[in-house]
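Student: Sharing a structure, written as structure tokens. Questions coming.
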């Protein structure tokens, strides 16, 4: 599978923060709709580079990535097959996958 | 002048002025006798908000005064922290600047979501421009103080009224913490604990503990959260927690971080969106 690389700092913001669109222009919801969902609709594997920002608050991460399951109908399995994170801080991908798993567990069983 | 009290003073005046209930002449002051006090009042915008024109040249301000900086907004704006974070690079470990960014932007997010959900009780309402946060930073004696405040309903009220946690869960967490009667300081401490827990809607309410993470591993400094009548303080060197309750409420939330800075270079916050 070919790769599509996204760098959050250069393609979205060095200062990602906030949960909803109403919180600010670089919130988790905006990142999800503007950057993540279009990338995930492409056929390639998506490499998400997390380094280079000033940091990530839990509200941003949960809405951006947990929201893929809650609001955009991706499953945890879909996302794990599609996304690879690159980060100097190994706890960050772990935290994100935790939000995805939490969002999945809140979904009604099919 | 201490940063937390000065910020609260400025925020209250700013809120009243923005509400439109006060006429232009409702607030006034004389110039202070001490030059350094005037420099500070000018630097942080208090003279302006009190209707006195700035008359001192900013490039002649004392070293300590130049380190007072002010920012305010109604949205979550991480870019407003960039001048501060940039000035810290090379002086403090990267996790500290990251922690400050995360702690402050989570405080802004908490303000946007929880602070202005009900009346504050000052009859001013919460029209769009009043759902605001204010922030100061100051460097003094090798310590960085960052103070953040909102004038909303306060943490003790918001954890009860937000609907994220039911009353039974709040009661059980308070019991686990060894608290019997509910006071504001105990509710602040409970909020820090509740936000770590899973709820029916686990995607809500994870931000507040990250405010504490900024100082948790520091050898010096503290975090202080004053909300309504209660005060919670985490002392970094001893890891001790102090809870205190006052007779009067500040009707809002004031969060203060104090952290060691190895050298005395200039630190600052964006002065955009000035008063």
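Residue numbers (my numbering), protein chains in the order written: chain A, 76 to 185; chain B, 111 to 385.
All C-beta atoms, glycine included, are put in the ideal place defined by N, C-alpha and C.
Let me know the secondary structure DSSP gives residue 265 (chain B) once reduced to three states.
Tutor: Residue 265 (chain B) falls in the helix class under three-state DSSP.
Student: Excluding five sequence neighbours on each side, which residues of the same chain lie with their C-beta closer than 7 Å to the C-beta of residue 31 (chain A)?
Tutor: Examination of residue 31 (chain A) is not possible in this model, given that chain A is present from 76 through 185 alone.
Student: Can at least three beta-carbon pairs, one atom from the segment 163-183 of chain B and one from the segment 196-206 of chain B, be found at a separation below 8 Å?
Tutor: No, they do not touch.
Student: Please report the Cβ distance between residue 125 (chain A) and residue 167 (chain A), rounded to the nearest whole angstrom; I am assuming they are in contact, meaning their Cβ atoms lie under 8 Å.
Tutor: So it is a contact: roughly 5 Å between Cβ atoms.
Student: Three Cβ pairs or more, each shorter than 8 Å: is that satisfied between the segment 285-297 of chain B and the segment 248-258 of chain B?
Tutor: The segment 285-297 of chain B is not in contact with the segment 248-258 of chain B.
Student: Between residue 237 (chain B) and residue 185 (chain B), is the Cβ-Cβ spacing less than 8 Å?
Tutor: No, the pair does not count as a contact, with Cβ atoms beyond the cut-off.
Student: What do you get for residue 131 (chain B), buried or exposed, if any count of 16 or more other CB atoms within 10 angstroms of its CB means buried?
Tutor: Looking at its Cβ environment, which holds fewer than 16 other Cβ atoms inside 10 Å, residue 131 (chain B) is exposed.
Student: Inspect the beta-carbon positions of residue 177 (chain A) and residue 142 (chain A) and report whether they are closer than 8 Å.
Tutor: No, these two residues do not count as a Cβ contact at 8 Å.
Student: Taking C-beta to C-beta, are residue 367 (chain B) and residue 212 (chain B) nearer than 8 Å?
Tutor: No, they are not a contact pair.
Student: So, using beta-carbon positions, are residue 295 (chain B) and residue 342 (chain B) closer together than 8 Å?
Tutor: Yes; because the gap between Cβ atoms is below 8 Å, this pair is in contact.
Student: Residue 187 (chain A) touches chain B at which residues, Cβ-Cβ below 9 Å?
Tutor: The structure shown does not extend to residue 187 (chain A), since chain A spans only 76 to 185, so no value can be given for it.
Student: Less than 8 Å between the C-beta atoms of residue 137 (chain A) and residue 174 (chain A), yes or no?
Tutor: Yes; because the gap between Cβ atoms is below 8 Å, this pair is in contact.
Student: Any beta carbon from chain B within less than 8 Å of residue 134 (chain A)'s own beta carbon?
Tutor: So yes, residue 134 (chain A) belongs to the interface.
Student: I think residue 363 (chain B) touches residue 262 (chain B), with their Cβ atoms under 8 Å apart; what is that distance to the nearest whole Å?
Tutor: About 7 Å separates the two Cβ atoms, so the contact holds.
Student: First and last residue of the alpha helix (DSSP H) that includes residue 172 (chain A)?
Tutor: First-last of the alpha helix (DSSP H) with residue 172 (chain A): 166-181.
Student: Is it buried or exposed for residue 123 (chain A), if we count other Cβ within 10 angstroms and need 16 for buried?
Tutor: That one is buried.
Student: With a cut-off of 8 Å, does the C-beta of residue 126 (chain A) fall near any C-beta of chain B?
Tutor: No, because no Cβ of chain B sits closer than 8 Å to the Cβ of residue 126 (chain A).
Student: So, is the C-beta of residue 225 (chain B) closer than 8 Å to a C-beta in chain A?
Tutor: For residue 225 (chain B), the answer is no, since every Cβ of chain A falls outside 8 Å of its Cβ.
Student: I think residue 161 (chain B) touches residue 137 (chain B), with their Cβ atoms under 8 Å apart; what is that distance to the nearest whole Å?
Tutor: Confirmed, Cβ separation roughly 6 Å.
Student: Can at least three beta-carbon pairs, one atom from the segment 262-279 of chain B and one from the segment 136-152 of chain B, be found at a separation below 8 Å?
Tutor: These segments do not touch.
Student: Below 8 Å between beta carbons: does that hold for residue 356 (chain B) and residue 345 (chain B)?
Tutor: No, the pair does not count as a contact, with Cβ atoms beyond the cut-off.
Student: CA-CA distance, residue 290 (chain B) and residue 354 (chain B)?
Tutor: Distance between the alpha carbons of residue 290 (chain B) and residue 354 (chain B): 15 Å.
Student: Any idea which residues DSSP pairs residue 259 (chain B) with across the strands?
Tutor: Answer by DSSP bridge pairing, in chain order: B:244, B:364.
Student: By a C-beta neighbour count over all protein chains shown, 10 Å radius and 16 as the cutoff for buried, is residue 337 (chain B) buried or exposed?
Tutor: It is buried - the Cβ of residue 337 (chain B) has at least 16 other Cβ atoms within 10 Å.
Student: Helix, strand or coil for residue 123 (chain B)? Go by DSSP, reduced to three states.
Tutor: Three-state DSSP puts residue 123 (chain B) in a helix.
Student: First and last residue of the alpha helix (DSSP H) that includes residue 181 (chain B)?
Tutor: Not the alpha helix (DSSP H): residue 181 (chain B) falls in the beta strand (DSSP E), residues 179-183.
Student: Tell me which residues of the segment 101-122 of chain A have at least one Cβ-Cβ distance to chain B shorter than 9 Å, keeping chain order.
Tutor: The residues in question are 101, 102.
Student: Going by the beta-carbon positions, is the gap between residue 360 (chain B) and residue 117 (chain B) smaller than 8 Å?
Tutor: Taking 8 Å as the Cβ cut-off, residue 360 (chain B) and residue 117 (chain B) do not qualify as a contacting pair.
Student: Skipping 5 residues on each side, what residues in its chain have a beta carbon closer than 8 Å to that of residue 166 (chain B)?
Tutor: For residue 166 (chain B), where only same-chain residues beyond five positions count, the Cβ hits under 8 Å are 145, 148, 149, 152.
Student: Along the chain, where does the beta strand (DSSP E) that runs through residue 337 (chain B) open and close?
Tutor: 332-337 is the extent of the beta strand (DSSP E) around residue 337 (chain B).
Student: Where do the ends of the alpha helix (DSSP H) carrying residue 278 (chain B) lie?
Tutor: It spans 277-286 - the alpha helix (DSSP H) in which residue 278 (chain B) sits, taken as one unbroken run.
Student: From the beta carbon of residue 222 (chain B), is the nearest beta carbon of chain A less than 8 Å away?
Tutor: With 8 Å as the cut-off, residue 222 (chain B) counts as an interface residue toward chain A.
Student: Please name the residue or residues paired with residue 82 (chain A) in a DSSP beta bridge.
Tutor: Looking at the DSSP assignment, residue 82 (chain A) forms a beta bridge with A:124.
Student: On a CA-only basis, which of A:183, A:89, A:83 is nearest residue 107 (chain A)? Give me that one, please.
Tutor: Comparing Cα positions, the closest option is A:83.
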